[in-house]
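Numbering (the numbering used here), first residue to last: 925 to 1179.
For glycine and all other residues, C-beta sits at the position ideal for the given N, C-alpha and C.
Rendered as structure tokens:
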């Protein structure tokens, strides 16, 4: 937007233009959109990164694969801090897969772009021509597709495992409760029978009554404590596996 002249700096730095709306990828429409403009003017990279965060704020990284490309032929020229912006992007809920590509940049530009990639735990690549750029896009897209499928399958597997273990725990706890209730009922019936038949006096009856009630409460609490402990272990294991899968996914799509 604008030109590289000083008089156009404010205009050029004020706005980040959208040439292709956030939507399903249509190769023909995308190419047509790119062909309608010529890159010119100043370079508000920090503002562009901030705009990405706004545009994708609803795309939580736990449910979406957010692959972000930043292609530049030079450094930030609008006074922003692109490294800090990348740090914010990398730490956001988007969990982005960041690819920063320098296109025929000088040493100063290479240094800044590399810092930006590092700040977002992303990948940096320097290319010299259109074919290199196209190859990198294709490679990243293919890798992302493969690892996205792995990520989806792995998460489905640990979800299934978690649900199976949880179901078994719930069934075990239910069975234990039924057994304890049945035992409690039988003991209560036995003591009541002995009392009704005057086989035991009132003091003995009350002592027995207190004993089996106390026993029932103790066993019930132990069963509950064990269930909660196993339930917690299952949930912790699920979360650890989820984090490990996510870390491995992000590590490999950023290779």
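According to the DSSP assignment, residue 956 belongs to the alpha helix (DSSP H) that extends over 951 to 959. Here residue 1075 is not near residue 1162, since their CB atoms are 9 Å or more apart. Under DSSP, residue 1165 shares a beta bridge with no residue. Taking a cut-off of 8 Å for Cβ pairs, the stretch 1073 to 1089 and the stretch 1112 to 1127 do not touch, as fewer than three such pairs fall below it.
Burial is judged here by how many other beta carbons sit within 10 angstroms of a residue's own beta carbon; residue 948 has fewer than 16 and is exposed. Under a 10 Å Cβ-count criterion, residue 1033 is classified as buried, with 16 or more other Cβ atoms of the shown protein chains found around its own Cβ.
The Cβ-Cβ distance between residue 1028 and residue 1052 falls below 9 Å. Residue 1012: member of the alpha helix (DSSP H) spanning 1006 to 1014, first to last residue. For residue 1035, the enclosing alpha helix (DSSP H) begins and ends at 1031 to 1043. The Cβ-Cβ distance between residue 1024 and residue 1041 falls below 9 Å.
Per DSSP, the continuous alpha helix (DSSP H) segment holding residue 936 begins and ends at 933 to 938. Per DSSP, residue 973 lies in no beta strand (DSSP E) segment; the continuous alpha helix (DSSP H) that holds it begins and ends at 969 to 979. The shortest C-alpha to C-alpha distance from residue 1144 to any of 1035, 1097, 992 and 1058 is the one to 1097.
Looking at the DSSP output, residue 996 shares a beta bridge with 1026. The beta carbons of residue 996 and residue 969 sit about 6 Å from each other, so the pair counts as a contact at 8 Å. With contacts defined by Cβ atoms closer than 9 Å, residue 1046 and residue 1014 form a contacting pair. A residue is called buried when at least 16 other Cβ atoms come within 10 angstroms of its Cβ; residue 994 meets this threshold and is buried. With the rule of 3 Cβ pairs closer than 8 Å, the stretch 1067 to 1081 does not count as touching the stretch 1127 to 1138.
With contacts defined by Cβ atoms closer than 9 Å, residue 943 and residue 957 form a contacting pair.
DSSP places residue 1049 inside the beta strand (DSSP E), whose first and last residues are 1047 to 1051. Of the candidates 1093, 946, 989 and 953, 989 places its Cα closest to the Cα of residue 1067. DSSP, reduced to helix, strand and coil, places residue 1082 within a helical segment of the structure shown.
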